[in-house]
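Undergrad: Numbering of the sequence shown is given in the UniProt record's numbering, commencing with residue 17 and proceeding in unit increments.
Ideal Cβ positions, reconstructed from N, Cα and C, are used throughout, including at glycine.
Since this is a predicted model, take the numbers as computed values, not measurements.
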Amino acid sequence: NPAPEQHEFSAEVGRLLDLVVHALYSDREIFLRELVANAADATDRRRFEALTDAGRALPDGAKIRIDPDKPARQLTISDDGAGMTRDEMVKNLGTIARSGTRAFGQAINAGGAADADKPDERPSLIGQFGVGFYAAFMVADRVEVTSRRAGEADAWCWSSSGQGNFTIAPATREAPGTDIVLHIKSDADEFLEPYRLESIVRKWADHITWPITIQRDGNEVAANEGTALWRKPKSEITEEALTEFYQHLGHSFDKPWATLHWRAEGTLEFAAMLFIPSMRPFEPVESVRESRVRLHVRRMFITDEAELLPPFLRFVQGVVDTEDLPLNVSREMLQSTPVLARIRKAVTNRVISELRTRAKDAESYAGFWSNFGPVLKEGLWEDFEHRAELAGLARFHSTHEPKALTSLADYVSRMKPEQDAIYYLVGDNEDALAGSPQLEGFRARGIEVLLLSDPVDAFWPDRLDKFEEKSLRSVTQGLADLSRHAIENAPEADATDVTALVAALKEALGEDVSDVRSTDRLVSSAVVLSASQSGPDLQLQRMMRRSGQ
Ligand code: ADP
Ligand code: MG
17 NPAPEQHEFS
27 AEVGRLLDLV
37 VHALYSDREI
47 FLRELVANAA
57 DATDRRRFEA
67 LTDAGRALPD
77 GAKIRIDPDK
87 PARQLTISDD
97 GAGMTRDEMV
107 KNLGTIARSG
117 TRAFGQAINA
127 GGAADADKPD
137 ERPSLIGQFG
147 VGFYAAFMVA
157 DRVEVTSRRA
167 GEADAWCWSS
177 SGQGNFTIAP
187 ATREAPGTDI
197 VLHIKSDADE
207 FLEPYRLESI
217 VRKWADHITW
227 PITIQRDGNE
237 VAANEGTALW
247 RKPKSEITEE
257 ALTEFYQHLG
267 HSFDKPWATL
277 HWRAEGTLEF
287 AAMLFIPSMR
297 PFEPVESVRE
307 SRVRLHVRRM
317 FITDEAELLP
327 PFLRFVQGVV
337 DTEDLPLNVS
347 REMLQSTPVL
357 ARIRKAVTNR
367 VISELRTRAK
377 DAESYAGFWS
387 NFGPVLKEGL
397 WEDFEHRAEL
407 AGLARFHSTH
417 EPKALTSLAD
427 YVSRMKPEQD
437 AIYYLVGDNE
447 DALAGSPQLE
457 GFRARGIEVL
467 LLSDPVDAFW
477 PDRLDKFEEK
487 SLRSVTQGLA
497 DLSRHAIENA
507 PEADATDVTA
517 LVAALKEALG
527 EDVSDVRSTD
537 RLVSSAVVLS
547 ASQSGPDLQL
557 QRMMRRSGQ
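The structure is reproduced here in structure tokens:
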């Protein structure tokens, strides 16, 4: 054999390798995600090439093999994919060919001084988006790639310790495909443990559709599910499989209350499988505000931080898998690409329309509402775009029928002919609300009042302002004027007495109140606190005081 040829890495690769070698321990496991992804890509490529060149056809049972060899401290990842020629190796493994990695490198370089202060943040970028093949050097002090291009007879071996240069030499390989041999670093023993490798595959590559196997105690064990469930036609998916997948996603034990599975085709291509839990999760939905729906690109998991749904739908779990982004999409790209914005919109609308359908089954919807209604109501406050739709989906307790839920539309249908507003009372808990003297005048006149006891209820009615042309009005505000509504058989009040009492109270309370007035709102109680015409409602005032404002 001739001596191996020496090649220099491009300057960009050199910089990237510096970074990779100093990656945080917690990020290192993603090297396997990258290498398995490459193996799957190469296998896909070969299948595609075989469409026009039968000489490159995949062997039966094509798969990706992961083989740890503890005594030799070697980890080998093999595939039956398209392989690489000598020139392809020099180009693909010696320079940064792909745009994703380049964007990553540029972001790091552009970060410059800022990054120097926070060196720890650079590696976690690696963890999120990957640096492709070079991730191998996080766990290996030498990497050998032996590859034979499908349709060719000769094989080549690329070898490097990740420091400035690599060598290329002729090699032999019985069949086309690629073996990546990692000489595992002395502090990376864990990556020689079959169980550890298995858990990494499950976490990051479970949905690669080629079989992935791991050598364990002399046996070849299947390591991935191998099916992207959401990519299967509905008719092939059993309910058990759905439930299992849902439980795996959210670490939950219940069955989903709703399952949405659809494919968007045309200008936007994605498959989505989303679930609404039937139980509140153990971790309070208040603790994390961002949606954790997983973004996949061509089946590969990319991130669960793409915020594919607005915060008011953060209880929805699942996967969105698109064809419209590159596999190595960078953080910058995720933030700026119009593709994600369009996917977000489509997915959000789909969930809202599902809720609208499911709301027709009042009993089942009440269960959903008691779990996630308070979250959904946050959208009434903060989401201008969906406010009107959410108002239609919201359900409330009211004085109409204790314990039952009502929609705003049903409330409106029960309004008195002369009634011009939707009345509500906000407080800390429902029982206290139901007994509040604020309601006396309304009860006496048969006017329904919504009883609102979630924290967000202090805020959204102002924002929503109107529903079906009817204003929303707090019963504690001065504007809640009941004079136009008569009470049947009401006793005559003595107007002179009241005027004298009001004057006396004003004098006694002085600066503590802005006004004292007679009211139609009381029937059996003598006095009630009221908020001013235009200012915040009483509950909001209480909350502001509590938070020291
Ligand atoms: P990316 O996968 O985004 O292209 P990588 O750094 O992961 O970037 O890989 C660089 C290139 O090396 C790939 O595009 C591919 O051409 C080649 N390559 C890597 N691994 C394999 C493999 N197992 N089989 C064939 N080609 C490979
Ligand atoms: Mg890759």
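Val332 and Tyr150: beta carbons closer than 8 Å?
TA: One-based indexing of the sequence shown puts residue 332 at position 316. One-based indexing of the sequence shown puts residue 150 at position 134. Result no, Cβ atoms of Val332 and Tyr150 do not sit closer than 8 Å.
Undergrad: How about Gln493 and Asp553: do their beta carbons lie closer than 8 Å?
TA: As a first step, residue 493 must be located in the sequence shown, where it is residue number 477. As a first step, residue 553 must be located in the sequence shown, where it is residue number 537. For Gln493 and Asp553, yes; Cβs fall inside 8 Å.
Undergrad: For residue 618, count neighbouring C-beta atoms within 10 Å of its own C-beta (all shown protein chains included) and say buried if the count is 16 or more, exposed if not.
TA: Given that the chain is displayed from residue 17 to residue 565, the structure contains no residue 618 and the question cannot be resolved.
Undergrad: Is Ile503 buried or exposed, if buried means 16 or more other CB atoms sit within 10 Å of its CB?
TA: Taking the first residue of the sequence shown as position 1, residue 503 is located at position 487. It counts as exposed.
Undergrad: Could you tell me the distance, in whole angstroms, from the CA atom of Arg366 to the CA atom of Gly451?
TA: To locate residue 366, count along the sequence shown from 1; it is residue 350. To locate residue 451, count along the sequence shown from 1; it is residue 435. Distance between the alpha carbons of Arg366 and Gly451: 40 Å.
Undergrad: Within its chain, find whatever has a CB closer than 8 Å to the CB of Tyr427; leave out the 5 residues flanking it on each side and keep chain order.
TA: The residue you call residue 427 lines up with position 411 of the sequence shown. Correct list, in chain order: Phe412, Ser414, His416, Ile438, Glu464 and Leu466.
Undergrad: Under 7 Å: does the beta carbon of Ala53 sit that close to some heavy atom of the ligand MG?
TA: Residue numbering aside, residue 53 sits at position 37 when the sequence shown is read from its first letter. Indeed, a heavy atom of the ligand MG lies less than 7 Å from the Cβ.
Undergrad: Report the CB separation of Thr194 from Met316 in whole angstroms; it is logged as a contact under 8 Å.
TA: Here residue 194 corresponds to residue number 178 of the sequence shown, with the count starting at 1. Here residue 316 corresponds to residue number 300 of the sequence shown, with the count starting at 1. No, Thr194 and Met316 are not in contact; Cβ-Cβ is about 18 Å, not under 8 Å.
Undergrad: Could you tell me if Glu209 is buried or exposed, where buried requires 16 or more neighbouring beta carbons within 10 angstroms of its beta carbon?
TA: As a position in the sequence shown, residue 209 is number 193, starting the count at 1. Exposed, by the Cβ-count rule.
Undergrad: Just mark Gly64 as buried or exposed, buried being the case when its beta carbon has 16 or more other beta carbons within 10 Å.
TA: Locating residue 64 in the sequence shown gives position 48, counting from the first residue. Correcting the residue type first, residue 64 is Phe in the shown sequence and not Gly. Exposed.
Undergrad: Would you identify the three-state DSSP class for Asp131, choosing helix, strand or coil?
TA: In the sequence shown, the residue the question calls residue 131 occupies position 115. Residue confidence is low: Asp131 scores 45 on pLDDT, short of 50, so the model does not pin down where it sits. Its coordinate-derived value is still stated next. Here Asp131 sits in helix by DSSP.
Undergrad: Do Pro186 and Trp174 have their beta-carbon atoms positioned less than 8 Å apart in this structure?
TA: In the sequence shown, the residue the question calls residue 174 occupies position 158. In the sequence shown, the residue the question calls residue 186 occupies position 170. It is not a contact, given that the beta carbons lie outside the stated cut-off.
Undergrad: Label Leu87 either buried or exposed according to how many other C-beta atoms from any shown protein chain fall within 10 Å of its C-beta, with 16 as the threshold for buried.
TA: What you label residue 87 is simply residue 71 of the sequence shown in a count that begins at 1. With the sequence shown as reference, residue 87 is identified as Pro, and Leu is not the correct amino acid for it. Answer is exposed; the Cβ neighbour count stays below 16.
Undergrad: Which residue or residues does DSSP assign as beta-bridge partners of Gln22?
TA: Against the sequence shown, residue 22 aligns to sequence position 6. Answer is Thr183, bridged to Gln22.
Undergrad: For Thr353, which three-state DSSP category applies?
TA: Here residue 353 refers to the residue found at position 337 when the sequence shown is read from its first residue. The answer is coil: DSSP assigns Thr353 none of H, G, I, E or B.
Undergrad: How about His312 and Phe182: do their beta carbons lie closer than 8 Å?
TA: Residue mapping note: residue 312 aligns to position 296 of the sequence shown, counting from 1. Residue mapping note: residue 182 aligns to position 166 of the sequence shown, counting from 1. The answer is no: Cβ separation not under 8 Å.
Undergrad: Which same chain residues end up closer than 6 Å to Gly408 when comparing Cβ atoms and leaving out the 5 residues on each side of it in sequence?
TA: Stepping through the sequence shown from its first residue, residue 408 is reached at position 392. For Gly408, where only same-chain residues beyond five positions count, there are no Cβ hits under 6 Å.
Undergrad: Got a sec? Which residues, its chain only, sit under 6 Å from Gly266 by beta carbon, not counting five neighbours each side?
TA: Here residue 266 corresponds to residue number 250 of the sequence shown, with the count starting at 1. Taken in chain order, the residues that qualify are Gln333.
Undergrad: Going by the beta-carbon positions, is the gap between Ala98 and Arg61 smaller than 8 Å?
TA: Position 82 of the sequence shown, counted from the first residue, corresponds to residue 98. Position 45 of the sequence shown, counted from the first residue, corresponds to residue 61. The answer is yes: Cβ separation under 8 Å.
Undergrad: Give the secondary structure of Ser115 by DSSP, where H, G and I count as helix, E and B as strand, and everything else as coil.
TA: As a working note, residue 115 is residue 99 in the sequence shown. Bear in mind that a pLDDT of 48 at Ser115, under 50, signals an unreliable position, so the number given afterwards is only what the model happens to contain. Here Ser115 sits in helix by DSSP.
Undergrad: Run the CB neighbour count on Gln351, radius 10 Å, all protein chains shown included, and call it buried at 16 or more, exposed below.
TA: Position 335 of the sequence shown, counting from 1, holds the residue named residue 351. Label assigned to Gln351: exposed.
Undergrad: List the endpoints of the continuous alpha helix (DSSP H) containing Asn240.
TA: The sequence position of residue 240 within the sequence shown is 224, counting from 1. Per DSSP, Asn240 belongs to no alpha helix (DSSP H) and is neither H nor E.
Undergrad: Run the proximity test for Gly148: is its beta-carbon closer than 7 Å to any non-hydrogen atom belonging to the ligand MG?
TA: Within the sequence shown, residue 148 is the residue found at index 132, counting from 1. Yes.
Undergrad: Going along the chain, which residues of its own chain have a beta-carbon closer than 6 Å to the beta-carbon of Glu256, five neighbours each way excluded?
TA: Working through the sequence shown from its first residue, we reach residue 256 at position 240. Once the five neighbours on either side are set aside, Glu256 has no close Cβ partner at all.
Undergrad: Kindly confirm or deny that the stretch 285-296 and the stretch 383-396 touch, where touching means at least three C-beta pairs closer than 8 Å.
TA: Enough Cβ pairs lie closer than 8 Å, so yes.
Undergrad: Please state the DSSP three-state secondary structure of Pro327.
TA: One-based indexing of the sequence shown puts residue 327 at position 311. Helix, per DSSP.
Undergrad: With a Cβ-Cβ cutoff of 8 Å, do Ile230 and Ile82 count as a contact?
TA: For the purposes of this step, residue 230 is taken as the residue at position 214 of the sequence shown. For the purposes of this step, residue 82 is taken as the residue at position 66 of the sequence shown. The answer is yes: Cβ separation under 8 Å.
Undergrad: If distances are taken between C-alpha atoms only, which option among Glu252, Lys250, Arg218 and Ala420 comes closest to Ala239?
TA: Numbered from 1 along the sequence shown, position 223 holds the residue referred to as residue 239. It is Arg218.
Undergrad: Quick check on Lys432: does DSSP put it in helix, strand or coil?
TA: Here residue 432 is taken as the residue at index 416 of the sequence shown, counted from 1. Three-state DSSP puts Lys432 in coil, outside helix and strand.
Undergrad: Going straight from the alpha carbon of Asp131 to that of Glu401, what length do you get?
TA: On the sequence shown, position 115 is the one that residue 131 refers to. On the sequence shown, position 385 is the one that residue 401 refers to. For Asp131, the predicted model reports a pLDDT of 45, less than 50, meaning its position is unreliable; a value from the coordinates is still stated below. The straight-line gap from Cα to Cα measures roughly 37 Å.
Undergrad: In the DSSP assignment, find the unbroken beta strand (DSSP E) run with Leu290 in it and report its ends.
TA: Working through the sequence shown from its first residue, we reach residue 290 at position 274. Element bounds for Leu290: Phe286 to Pro293.
Undergrad: Quick check: the Cα distance between Ala129 and Ala357, rounded to an integer number of angstroms?
TA: Start at 1 with the first residue of the sequence shown, and residue 129 comes out as number 113. Start at 1 with the first residue of the sequence shown, and residue 357 comes out as number 341. The predicted position of Ala129 is uncertain, since its pLDDT is 37 and thus under 50; a value taken from the coordinates is nonetheless stated next. If I take the Cα positions, the gap works out to 31 Å.
Undergrad: Determine the closest residue to Ser369 out of Leu406, Ala70 and Val147, with distance taken between C-alpha atoms.
TA: What you label residue 369 is simply residue 353 of the sequence shown in a count that begins at 1. The option with the nearest alpha carbon to Ser369 is Leu406.
Undergrad: So who's on the other strand from Val313, going by DSSP bridges?
TA: The residue given as residue 313 occupies position 297 in the sequence shown. Paired residues: Met316 and Thr338.
Undergrad: Give the single residue among Leu521, Ile46, Ser499 and Val491 whose Cα lies nearest to the Cα of Leu556.
TA: Against the sequence shown, residue 556 aligns to sequence position 540. Comparing Cα-Cα distances from Leu556 to each of Leu521, Ile46, Ser499 and Val491, the minimum goes to Val491.
Undergrad: Report the residue ranges of all beta strand (DSSP E) runs contained in full by the stretch 405-469; include only those spanning at least 3 residues, in chain order.
TA: Entirely contained in the stretch 405-469, the beta strand (DSSP E) runs reaching 3 residues are, in chain order, 437-442 and 465-468.
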